[in-house]
Amino acid sequence: MVLGKELMYILTPLLEAIAPFIPGEVFPYFFTMEMFQRALISAVLVTIVAGLLGTFLLIRNLALIGDGLAHVSFGGVAIGVVLGATSPLYYALVFSVFASIMIYELQSREILTGDASIAIFLTGMLAFGLVALRIGGGGITTDIEGYLFGNLLLIDESDLDMIAYICLFSILILFKISSGLLATTVDPLSAAVQGIPVREIGLLFSVITAAVVVSMVQVVGALLVTSLLVTPAATAQLVGRSFRSCMIWTQIFGLSSVMLGLYFSSELETGSGSMIALVAATIFSVVAILHNFKFFSIFTKSM
Amino acid sequence: MQQNSIVDDCCDPPILEVNNLTVIRSGKVVLKDIDLVVHKGEFIGLVGPNGSGKSTLLLSLLGVLKSHKGSISIYGNQPSPKNFFGRVGWVSQAASYLPRQVKLTVRELVKLGTINAKNMFSWSDYGRSEKVIKAIEMVGLEDVIDADISKLSGGQRQRAVIARALATEADFILLDEPLVGMDRNARNSLLKLLDKLCHDSGKTILMVSHDLTAIRQTAHRMIFLEEKIRFDGPTNLFPDLETLADLRGITPVHDGPIHFHSNEVPWASEVIE
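Quick mapping for you: the protein sequence lines, in order, are chains C and U.
If you read the first sequence in this note's numbering, its first letter stands for residue 35, the second for the next number, and so on.
If you read the second sequence in this note's numbering, its first letter stands for residue 568, the second for the next number, and so on.
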């Protein structure tokens with residue numbers, strides 16, 4: 035498990051180099067102190083991969099799957115805590131991947147529609163975790179609250195490793211399957227006739243979504259995962275003119291939400307996850323209002 | 568009649584051959600003893616009422632529905648996506664279901680047609696961009712090539728989906744209800760386009776529709792399907808409404824001509840006055 039260390043080794047000189055130009059009293063620590071640097075790198079990584087997933091989730095009408103899987107992960111974290119695991123996130127990973135595959139199967143076999151299957155797994159597995167926590171552990175402690183609302187500064191080396199592995203693998207796989215994934219998402223039957231492995235791609239996408247949600251839990255918290263998964267992608271749909279340009283806009287909106295969110299949360303001493311979510315929603319509102327006044331038509335013609 | 572002679576003289580093996588196809592879905596016989604032969608260059612209209620098994624037939628031909636009795640062979644092979652690419656194109660009803668939540672340009676949509684199991688993981692273009700532009704020109708959408716599909720009219724969107732099927736360079740194109748939700752002009756120009764594809768580009772077309780009048784203006788050969796094939800022949804021999812009712816087993820309700828008894832309906836006299 036060295037990927038996190040390698041990333042830190044490569045990126046810290048860069049961060050330190052731009053640190054003098056960073057405004058604020060506390061915010062520059064994110065570029066100079068190791069604990070903060072780890073937090074910043076994790077936040078940026080999950081934002082990039084969440085943005086890549088978001089557009090596909092929108093087409094698949096799965097905007098809330100992130101929320102569902104995050105609740106499921108929280109159930110997993112609870113079980114991990116009860117069993118005395120050192121990294122409960124691995125339990126969350128197992129729970130989340132299982133739920134994601136089950137949701138996909140229920141949907142593709144037309145046993146339940148998207149929303150209903152998400153709802154059942156969200157509540158069922160969260161409840162399982164909470165009951166186990168009450169019986170075997172001491173209820174909800176401050177430690178566990180970190181997973182609900184996110185706690186960037188508690189990310190240690192092994193957490194960063196896990197986040198880095200999940201994010202880099204997901205980005206690689208998503209780039210590799212993106213055209214097939216888009217084809218199966220837009221029109222599954224046509225894709226099947228063209229010989230694209232619709233089922234395999236769908237399952238792979240489900241597993242990636244599940245893993246990415248787990249990697250996001252510690253950064254923004256289980257309750258706010260959707261803010262990075264869906265909000266930037268939805269904002270991009272207002273501005274972009276094509277699928278490709280929307281992908282680029284999603285990254286722009288996602289990364290600005292994270293940087294502004296971290297800036298405001300460190301200067302105003304609020305929770306980072308909630309501030310990131312608030313900034314993302316604010317950006318959406320501003321863009322939606324400007325969009326109504328056709329503000330963006332001036333410079334989106336070229337995109 | 569001319570169509571028949573072309574078929575008879577044809578020395579090429581048929582594109583599609585269906586023998587004794589019977590499909591049972593959830594205990595109900597949907598298709599029974601279907602025999603069907605399609606040759607290159609034909610334009611076939613497949614008509615039938617709702618629930619007559621048109622979609623089931625198409626899904627069986629595409630290899631999506633595998634549980635059936637009898638045999639299907641397309642280009643001499645069992646129906647399977649592996650044998651389809653570059654040969655069989657599918658235009659689904661999806662034109663009206665295309666995603667509206669996200670932006671997708673005509674070019675991007677049509678490009679999806681060029682993906683197959685072999686090239687989907689590769690970064691290289693393999694001349695796909697040119698195929699896309701060619702397909703878009705064939706359906707006459709070059710003016711809106713970079714427009715978002717959700718901004719197009721229903722007719723344009725259907726053309727974009729057809730271009731997607733053309734981009735696979737398929738010769739045999741199956742269309743499922745492409746005329747749904749279109750106004751008269753869009754419908755006419757779409758039928759003209761399909762006719763052109765058949766005559767100028769040598770495509771073989773099998774089109775499902777329940778717009779009988781529209782399809783009769785275009786197709787060379789008509790198939791009336793309701794569980795069994797009730798009629799299969801050149802369009803000019805397609806039966807009139809009474810014969811059709813007879814073929815479908817619909818018995819007349821009235822003995823003689825239908826009368827309207829105005830004095831039995833209280834409001835009828837007012838309307839007539």
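C-beta: ideal position from N, C-alpha, C; glycine also.
Worksheet item: Could you give the distance in angstroms between the alpha-carbon of Leu624(U) and the alpha-carbon of Gly102(C)?
Response: Within the second sequence, the letter at position 57 stands for residue 624(U). Within the first sequence, the letter at position 68 stands for residue 102(C). Roughly 39 angstroms between the two C-alpha positions.
Worksheet item: Are Lys718(U) and Arg695(U) touching if we call contact CB-CB under 8 angstroms?
Response: As a first step, residue 718(U) must be located in the second sequence, where it is residue number 151. As a first step, residue 695(U) must be located in the second sequence, where it is residue number 128. Their beta carbons are not under 8 angstroms apart, which means Lys718(U) does not touch Arg695(U) by this criterion.
Worksheet item: To the nearest whole angstrom, what separates the beta carbons of Arg674(U) and Asp713(U), a pair I think is in contact under 8 angstroms?
Response: Mapped onto the second sequence, residue 674(U) falls at position 107. Mapped onto the second sequence, residue 713(U) falls at position 146. Confirmed, Cβ separation roughly 6 angstroms.
Worksheet item: So which residues of chain C does Ile682(U) contact, with C-beta pairs closer than 7 angstroms?
Response: Within the second sequence, the letter at position 115 stands for residue 682(U). By Cβ distance, chain C contributes Ser213, Gly214, Ala217, Gln228, Ile230.
Worksheet item: Using a Cβ-Cβ distance under 8 angstroms, would Ser336(C) count as near chain U?
Response: Walking along the first sequence from the start, residue 336(C) turns up at place 302. Reliability fails at Ser336(C), whose pLDDT of 45 lies under 50, so the model's placement of it is uncertain and the value that follows must be treated cautiously. Not an interface residue.
Worksheet item: Taking the DSSP output, what are the residues bridged to Val775(U)?
Response: As a working note, residue 775(U) is residue 208 in the second sequence. Per DSSP, Leu613(U), Asp743(U).
Worksheet entry | Residue burial classification, His105(C) (beta-carbon count within 10 angstroms, cutoff 16) | Taking the first sequence and counting its residues from 1, one reaches residue 105(C) at position 71. Classification for His105(C): buried.
Item to complete: Report the residue from Arg592(U), Asn644(U), Leu632(U) whose alpha carbon sits nearest the alpha carbon of Glu584(U).
Response: Numbered from its first residue, the second sequence carries residue 584(U) at position 17. When each option's Cα is compared against that of Glu584(U), the closest is Asn644(U).
Worksheet item: So Leu74(C) is in the beta strand (DSSP E); what residue range does that whole segment cover?
Response: Mapped onto the first sequence, residue 74(C) falls at position 40. Premise fails: Leu74(C) lies in the alpha helix (DSSP H), 68-93, not in any beta strand (DSSP E).
Item to complete: Check each residue of the stretch 312-330 of chain C: if its Cβ is closer than 8 angstroms to any Cβ of chain U, include it; give the result in chain order.
Response: none
Discussion item. Strictly under 8 angstroms for the Cβ-Cβ distance: is Arg275(C) near chain U by that measure?
Written reply: Counting from 1 along the first sequence, the entry for residue 275(C) is found at position 241. Judged by the 8 angstroms Cβ criterion, Arg275(C) is in contact with chain U.
Fill in: Backbone CA spacing between Ala198(C) and Ile154(C) [nearest angstrom]
As a first step, residue 198(C) must be located in the first sequence, where it is residue number 164. As a first step, residue 154(C) must be located in the first sequence, where it is residue number 120. Distance between the alpha carbons of Ala198(C) and Ile154(C): 30 angstroms.
Worksheet item: Beta-carbon of Gln285(C) versus every beta-carbon of chain U: anything under 8 angstroms?
Response: The sequence position of residue 285(C) within the first sequence is 251, counting from 1. Not one chain U Cβ lies under 8 angstroms of Gln285(C).
Worksheet item: Would the beta-carbon of Gly255(C) fall within 8 angstroms of that of Phe183(C)?
Response: Position 221 of the first sequence holds residue 255(C). Position 149 of the first sequence holds residue 183(C). Contact flag set, yes.
Discussion item. For a minimum of 3 consecutive residues, which ranges assigned as the beta strand (DSSP E) are wholly contained in the stretch 602-679 of chain U?
Written reply: 610-614, 636-641, 655-658
Fill in: Extent of the continuous alpha helix (DSSP H) run through Met136(C)
Residue mapping note: residue 136(C) aligns to position 102 of the first sequence, counting from 1. 123-142 is the extent of the alpha helix (DSSP H) around Met136(C).
Item to complete: Identify the contact partners of Lys210(C) in chain U, using a Cβ-Cβ distance below 8 angstroms as the criterion.
Response: Walking along the first sequence from the start, residue 210(C) turns up at place 176. Simply Phe688.
Worksheet item: Residues of chain C with a CB under 9 angstroms from the CB of Val631(U): which are they?
Response: Looking up residue 631(U) in the second sequence gives position 64. Those within 9 angstroms of Val631(U) in chain C are Leu223, Ala226, Val227.
Worksheet item: Where Asn587(U) and Glu744(U) are concerned, what is the direct C-alpha to C-alpha distance, given to the nearest angstrom?
Response: Translated into the one-based positions of the second sequence, residue 587(U) becomes position 20. Translated into the one-based positions of the second sequence, residue 744(U) becomes position 177. Their backbone Cα atoms lie some 25 angstroms apart in a straight line.
Discussion item. Between which residues of its own chain and Gln71(C) is the CB-CB distance below 8 angstroms, once the five residues before and five after are set aside?
Written reply: For this step, residue 71(C) is matched to residue 37 along the first sequence. So the list reads Met42, Leu45, Thr46, Leu49, Phe64, Phe65, once near-sequence residues are dropped.
Discussion item. By the three-class DSSP mapping on this structure, what secondary structure does Gly800(U) have?
Written reply: If you number the second sequence from 1, residue 800(U) lands on position 233. Correct three-state label for Gly800(U): strand.
Worksheet item: In chain order, what residues of the same chain have a beta carbon less than 7 angstroms from the beta carbon of Trp657(U), not counting five sequence neighbours either side?
Response: Numbered from its first residue, the second sequence carries residue 657(U) at position 90. Excluding positions up to five away in sequence, the list reads Leu629, Ala732, Leu741.
Fill in: As assigned by DSSP and simplified to three states, the class of Arg726(U)
As a first step, residue 726(U) is located in the second sequence; it is residue number 159 there, counting from the start. Here Arg726(U) sits in helix by DSSP.
Worksheet entry | Limits of the alpha helix (DSSP H) - the one that Asn326(C) falls within | As a first step, residue 326(C) must be located in the first sequence, where it is residue number 292. Looking at the DSSP string, the run of the alpha helix (DSSP H) that includes Asn326(C) is 306-326.
Worksheet item: Where Tyr693(U) and Asn686(U) are concerned, what is the direct C-alpha to C-alpha distance, given to the nearest angstrom?
Response: The residue given as residue 693(U) occupies position 126 in the second sequence. The residue given as residue 686(U) occupies position 119 in the second sequence. Distance between the alpha carbons of Tyr693(U) and Asn686(U) is about 9 angstroms.
Practice prompt. Just the C-alpha distance for Ser130(C) and Val220(C), rounded to the nearest angstrom, thanks.
Written response: For this step, residue 130(C) is matched to residue 96 along the first sequence. For this step, residue 220(C) is matched to residue 186 along the first sequence. Straight-line Cα distance between these residues: approximately 25 angstroms.
Discussion item. Under DSSP, the alpha helix (DSSP H) around Val273(C) begins and ends at which residues?
Written reply: Reading the first sequence from its first residue, position 239 is the one you call residue 273(C). Here the alpha helix (DSSP H) through Val273(C) covers 265-273.
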